[in-house]
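When you read off a place in the sequence shown, starting at 1, and then add 26, the result is the number in the working numbering.
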Amino acid sequence: MKAVHCISVLAIASLGSGQTQDPKPHNATAAVVRAFDTHNIVLFGEAHGCKQEYEWLAQLVGSPEFASRVDDIVVELGNSLSQKAVDNYIAGAEVPFEQVERAWRDAIGMINAPSPVHELLFKAVREANQRRRGQHQMRIVLGGPPGDWDKIKTRSDLTPFLQRRDSSYAQIVNKEVLARKRRALLIMGSLHFERLNGPGSIERELLSSGASTYLVLFSTKVYDDPAKRFAAWPVPAIVELGNNWVGDMPAMPPDFPGEPPKLRDIADAVLVVSQNPSTLTVLAMPRAELDGTLYGKELERRMTIMGRHLEIPDQPERPLGSR
């Protein structure tokens, strides 16, 4: 999994008066629902493991307006080998949770133990469907490649799956969403979706298949506004990156070579979930679930194959910027 990219810099140049308009923050849930009026694909570039971000996602999928309009939620951290178990679980069947959690516990590309936020989202979709028995039902689609860790022993075994993470995700969206004329929220790490040189590989493939896309990034970038003009916004909010000071903010740090792109160049909108960046936290798998457990030992084996070490934080919740 690629590292979280929060698009943070220390300061921005002051903006000339009259050059831009004031941004208009909108209720985040209502903004996403409204985006589906004109787009069949909404891409959400997330910060891995952020508690407040996923609490909002759980609220989003639980809202009747979203649940009645959107067919699929396609997740990055989900091994597609577990699709049947997840389908049954999301549909309300009694499924041993050990089978369901394999979707994220066995995901290809993780660089550490998976965060509990994934369980939060899956349970929220299941509960939303249960409240809507006999009505339109949502589905979680696992967008990760189908790598069987029992058969992955070496880096060369793993590499083919790592190399096609983005292409596999796009192919799954094409097959499970676009070919079936469905609408979907796509959730993946921000770096996979940012339009640094135009649309990324996933979005390009979806556009070539006829999708109409809208990209929202989770970003702490607004917290670097020296005037703190966002502080009075109701949150969670989504702000479109048109002709306003948010869109004018540089999307890269000061040491970026050449002219850095602006936020409006790399996305259509940003999500703000807190007025205070110090309240943003990351949830980690508790130490008790890893220390000396079979899964903990298996994760250590997988990290060794990837040339990494398993990091077990002392606290299950810590500031977002401390990772």
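Cβ coordinates follow ideal geometry from the N, Cα and C atoms, glycine included.
Check, Outcome
"Which value, in whole angstroms, describes the spacing of the CA atoms of residue 74 and residue 215?", "7 Å"
"According to DSSP, is residue 57 part of a helix, a strand, or is it coil?", "helix"
"Short check: CB of residue 293 to CB of residue 51, under 8 Å?", "no"
"Along the chain, where does the beta strand (DSSP E) containing residue 345 start, and where does it finish?", "343 to 345"
"Below 8 Å on the Cβ atoms is my guess for residue 151 versus residue 129; work out the distance and round it to an integer in Å.", "In fact, because the Cβ distance is near 12 Å, the residues do not count as touching under 8 Å."
"In this structure, how does DSSP classify residue 167 when only helix, strand and coil are distinguished?", "strand"
"Secondary structure at residue 334, three-state DSSP: helix, strand or coil?", "coil"
"Could you give the distance in angstroms between the alpha-carbon of residue 42 and the alpha-carbon of residue 274?", "Caution applies to residue 42, whose pLDDT of 38 falls short of 50 and renders its modelled position unreliable; the model cannot decide the point."
"Which partner residues does residue 47 have in the DSSP bridge list?", "270"
"Do the segment 299 to 317 and the segment 335 to 349 meet, that is, are 3 or more Cβ pairs less than 8 Å apart?", "yes"
"Given this structure, state the Cα-to-Cα distance separating residue 208 from residue 301, to the nearest angstrom.", "35 Å"
"How long is the line joining the alpha carbons of residue 257 and residue 179, rounded to whole angstroms?", "50 Å"
"Taking contact to mean 3 or more Cβ pairs, one atom from each stretch, closer than 8 Å, check whether the segment 50 to 65 and the segment 107 to 127 are in contact.", "no"
"Sorted by chain position, which residues of the same chain lie with C-beta nearer than 8 Å to residue 164's C-beta, five sequence neighbours on each side aside?", "87, 93, 96, 97, 98, 99, 116, 151, 154, 155"
"Name the DSSP beta bridge partners of residue 276, please?", "288"
"Nearest-angstrom Cα distance between residue 232 and residue 318?", "43 Å"
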